[in-house]
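For reference, the structure discussed in these notes is given below.
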Amino acid sequence: MNQVEYSIRTMTMADYEGVRKLWMTIHGFGIRSIDDSKEGVERFLRRNPTTSVVAVVQDEIVGSILCGHDGRTGCFYHVCVREDLRRRGIGKAMATAAMLALQKESVSKVSLLAFKSNAVGNQFWHEEGWTIRDDVYTYDFPLNEENITRFNS
Numbered sequence: 024m025n026q027v028e029y030s031i032r033t034m035t036m037a038d039y040e041g042v043r044k045l046w047m048t049i050h051g052f053g054i055r056s057i058d059d060s061k062e063g064v065e066r067f068l069r070r071n072p073t074t075s076v077v078a079v080v081q082d083e084i085v086g087s088i089l090c091g092h093d094g095r096t097g098c099f100y101h102v103c104v105r106e107d108l109r110r111r112g113i114g115k116a117m118a119t120a121a122m123l124a125l126q127k128e129s130v131s132k133v134s135l136l137a138f139k140s141n142a143v144g145n146q147f148w149h150e151e152g153w154t155i156r157d158d159v160y161t162y163d164f165p166l167n168e169e170n171i172t173r174f175n176s
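The structure is reproduced here in structure tokens:
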């Protein structure tokens, strides 16, 4: 597998179109109608201006993590790497950059949700040493029924 030169940097709203374009190429990726809209991502980045990251190859966004926190726990959302560039260290480098950004904000724990059907993602997190928790349940209560998740085919 060929190495590729990439850089990791903090995501800004100027990156939104490139990030959304990437999301649309990822098989099985779930995109929410409101939260993942330009306005929704802008709201997220205003609240979390230093913790989300993108990976860039030759001015093209090839990876992204939306990362935010509540002051106690960080959370990763929409972690992805362009499918043809996986297994080259880009995902690990992005996760490390986002975790370092959380540490700078005195956040000492990070979590994420991965769909059980996401075999590639679950294998990645397992290989990186993340722990699957079986001592808690995850509950959702939708506050906006119009915020629909659609999955790429």
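Take my numbering: the final residue in the sequence shown is number 176, and no numbers are missing along the way.
Ideal Cβ positions, reconstructed from N, Cα and C, are used throughout, including at glycine.
Given the structure is predicted, the values throughout are model-derived calculations rather than measurements.
{"Query": "Beta-carbon contacts of Leu135 that lie in its chain and below 6 Å, excluding the five residues immediately before and after", "Result": "Phe99"}
{"Query": "Residue span of the alpha helix (DSSP H) that contains Thr119, given as start and end", "Result": "113-127"}
{"Query": "Per-residue DSSP class, three states only, for Leu89", "Result": "strand"}
{"Query": "Collapsed DSSP secondary structure at Thr154 in the structure displayed", "Result": "coil"}
{"Query": "Cβ shell of Thr73 (< 8 Å), same chain only, five flanking positions each side left out", "Result": "Thr33, Ala124, Lys127, Glu128"}
{"Query": "Phe138 versus Gly51 - alpha carbon distance", "Result": "10 Å"}
{"Query": "Cα-Cα separation, Gly152 to Asp82", "Result": "31 Å"}
{"Query": "Nearest-angstrom Cβ-Cβ length linking Met122 and Ile31, presumed shorter than 8 Å", "Result": "Their Cβ separation, rounded to whole angstroms, is 12 Å, which puts Met122 and Ile31 out of contact at 8 Å."}
{"Query": "Neighbourhood of Gly86 by C-beta, 6 Å cutoff - its chain only, sequence neighbours within 5 removed", "Result": "Ala78, Val104, Ile113, Met117"}
{"Query": "Selection from Gln26, Val27, His101 that minimises the alpha carbon distance to Asn141", "Result": "His101"}
{"Query": "Buried versus exposed call for Ala120 [16 or more other C-beta atoms within 10 Å across all chains shown]", "Result": "buried"}
{"Query": "Beta-carbon gap between Tyr39 and Val80 smaller than 8 Å", "Result": "no"}
{"Query": "Alpha carbon of His149 to alpha carbon of Asp107, nearest angstrom", "Result": "21 Å"}
{"Query": "Where the beta strand (DSSP E) containing Thr48 begins and where it ends", "Result": "From DSSP, Thr48 is part of no beta strand (DSSP E) but of the alpha helix (DSSP H) over 39-48."}
{"Query": "Neighbour flag for Asp82 against chain B, beta carbons, 8 Å", "Result": "Chain labels in this structure do not include chain B; a single protein chain is all it has."}
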